[in-house]
Amino acid sequence: VMALLHTTFAGARVGSTSPASYMVQVPHAGWCTGGYHHDLLRRRGLDPLEHLRQDSALAVQHGLRYVANLNACTNPLDNRTFFEVYLALARLPDVHFLTSWQWEQGRYPQPSFEQRLRDPQVQDLVRALPRLIAEWTAGREIPAAFLAAHGLRYRLEVVADPRPLRLHVLEIDLGAPHIEVAAALTPDPDGEGPAEGALESPLALAQRTGALALVNANPWRGLPDADGNRSSQWLSGMPVDILGLVKSAEGSPSPAEPGYCAVWIDDSGVAHIGPPPPEAVIRTGLAGFSQVLQEGQVLAQPDAVCHPRTGLGVDATGKKLLLVVVDGRQPGFSEGMTLHELGAFLLGQGCRDAVNLDGGGSSILILTDAEGEPHVINAPSTKLFGASIPRPLPVALIVRSKE
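Under this note's numbering, the first residue of the sequence shown is numbered 5, with each subsequent residue one higher.
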């Protein structure tokens, strides 16, 4: 779990409510917790404050931050007031943070974890967390002026009919002199071996490549094992096979292949969707699943299959690129689009041709602020404790400043 959190949140300090005596054995742990459990510790012949002093010192010796917790609803405090205990914890030299649990007096005559979980107020809060987190994420400030100065325009469209939808739309002027659209690749993990890339946090990929904006691009799959079975996991660092065309200044690890619609920009900076001719000079190349819009005609047939989507459209001049990331699988917040709806939406935005890129839990839009900090703008459908988390990717479409 620590490894997953560490890679998911791009190296953030992650930890657990377990004590240092356990957490120092856990790779990737960055913090731990010691509880002022008076009754429990006294029964074991331990002084609570001395126990926390020793545990916090052990944490610091191993480079961990330490959280001291006072359970203020179930523990007798040995004739101390809450404030006196807080002061005593704050004076411990290796304690970095203080926290506590506290309930209304008399709410739980015989307090237990199960009783608290059955409390309607607690249950209402737990049920509301995914919605609250999604609303907080959706309300983050967008660096609109900074992006517009680089030829990028972002907007959020909120739709109620035929179902709740949130569409994140990014317009890119390919004629803007100071930006370029590129394929961002993760390092090839095995040289001439079968892997064409390795999964990497999209936030880390955006930061490493200096991206102003990033969306997911090609689909991919795990490598087969000795029995020919392919893993469906998506762990950071996992070697993978990228599906469809990938062409960048660093190389072309994945050729065009049938069944995966190519998106490519020629040497004059014009974008195209469809198979490149043999004589084409490709500056940047990526691929998605299927073409959903061709010469102004929606190709996908109407159905009821809704998922998170990432779509890319091109206008008739080939100089305007439009990206849309549609959040999905989040009832009442954003429930996803059909392929027909995706094609129709991009047609309505002035696109002549469009492709459905990889989607589902991989759909992501990242924008970088004026300080160079990348931020996930949409609400990816993969959740951890109710919060959206970005899946790692082997390749992405990025917009960056020209050097």
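Idealized CB from N, CA, C, for every residue including glycine.
Local Cβ density within 10 Å of residue i, reported as buried at 16 or more and exposed below that
i              : result
glycine 143    : The predicted model places glycine 143 with a pLDDT of 49, which falls under 50 and marks its position as unreliable; any figure quoted below should be read in that light. The residue in question, glycine 143, is exposed, as its Cβ has fewer than 16 Cβ neighbours within 10 Å.
arginine 47    : exposed
valine 162     : exposed
leucine 91     : exposed
glutamine 334  : buried
aspartate 231  : exposed
arginine 234   : exposed
serine 385     : buried
lysine 251     : buried
arginine 225   : exposed
arginine 57    : buried
asparagine 362 : It is worth fixing the name first, because residue 362 is aspartate in this sequence and not asparagine. Result: buried.
arginine 395   : buried
serine 60      : buried
glycine 332    : buried
valine 302     : buried
aspartate 271  : exposed
serine 366     : buried
glycine 19     : buried
arginine 17    : exposed
Beta-ladder partner(s) of residue i, from DSSP
i              : result
alanine 187    : Leu401
tryptophan 224 : Ile246
alanine 358    : Leu297 and Gly317
glutamate 375  : DSSP lists no partner for glutamate 375.
glycine 201    : Val244
glycine 217    : Residue 217 is actually alanine in this sequence, not glycine. DSSP output for alanine 217 lists Leu371 and Val403 as bridge partner(s).
lysine 387     : Ser392
serine 258     : Val250
isoleucine 381 : According to DSSP, isoleucine 381 bridges with nothing at all.
alanine 210    : Beta-bridge pairing links alanine 210 to no other residue.
histidine 66   : Histidine 66 is not bridged to any residue.
Reduced DSSP category for residue i - H, G, I as helix; E, B as strand; rest coil
i                 : result
histidine 311     : strand
alanine 284       : coil
glutamine 353     : coil
tyrosine 90       : helix
phenylalanine 150 : helix
glutamine 19      : Residue identity check: residue 19 is glycine in the sequence provided, not glutamine. Residue state, collapsed to three classes: strand.
glycine 38        : strand
leucine 156       : strand
arginine 395      : coil
aspartate 59      : helix
glutamate 345     : helix
threonine 103     : strand
glutamine 334     : strand
valine 329        : strand
arginine 47       : helix
tyrosine 26       : helix
glutamate 196     : coil
alanine 164       : coil
valine 71         : strand
arginine 234      : strand
aspartate 123     : coil
glycine 289       : strand
leucine 53        : helix
Spatial distance of residue i from residue j (CA atoms)
i                 : j              : result
leucine 156       : leucine 174    : 7 angstroms
isoleucine 183    : alanine 374    : 15 angstroms
leucine 93        : alanine 291    : 56 angstroms
alanine 358       : alanine 304    : 11 angstroms
tyrosine 158      : alanine 164    : 20 angstroms
alanine 221       : glycine 67     : 38 angstroms
alanine 72        : histidine 32   : 20 angstroms
leucine 397       : leucine 239    : 9 angstroms
phenylalanine 349 : alanine 284    : 29 angstroms
threonine 78      : valine 5       : Low confidence applies to threonine 78: its pLDDT is 46, below 50, so where it sits in the model is not reliable, and the reading given next is rough at best. Straight-line Cα distance between these residues: approximately 29 angstroms.
glycine 322       : isoleucine 368 : 24 angstroms
proline 306       : serine 392     : 29 angstroms
glycine 347       : glycine 273    : 24 angstroms
leucine 178       : alanine 400    : 17 angstroms
tyrosine 3        : proline 279    : No statement about residue 3 is possible, as the shown extent of the chain runs from 5 to 407 and does not include it.
leucine 249       : cysteine 36    : 45 angstroms
histidine 379     : glutamate 54   : 42 angstroms
glycine 352       : leucine 160    : 16 angstroms
alanine 186       : alanine 202    : 18 angstroms
valine 89         : arginine 69    : 20 angstroms
alanine 180       : alanine 320    : 17 angstroms
isoleucine 176    : glycine 197    : 36 angstroms
Beta carbon proximity, residue i to chain C, threshold 8 angstroms
i          : result
serine 367 : No chain C is part of this structure, which consists of one protein chain only.
Practice item. Spell out a yes or no on whether the region 246-261 and the region 204-214 are touching, meaning 3 or more CB-CB pairs, one atom from each, closer than 8 angstroms. Key: Taking 8 angstroms as the limit for Cβ pairs, the verdict is that the region 204-214 does not touch the region 246-261.
Point to revise | the region 330-349 touching the region 295-314, judged by at least three CB pairs closer than 8 angstroms | key: yes
Check your understanding: Looking at C-beta atoms only, is the number of pairs between the region 322-329 and the region 228-248 that lie closer than 8 angstroms three or more?
Key -> No: fewer than three Cβ pairs fall under 8 angstroms.
Point to revise | At least 3 beta-carbon pairs within less than 8 angstroms: the region 364-374 vs the region 186-195 | key: no
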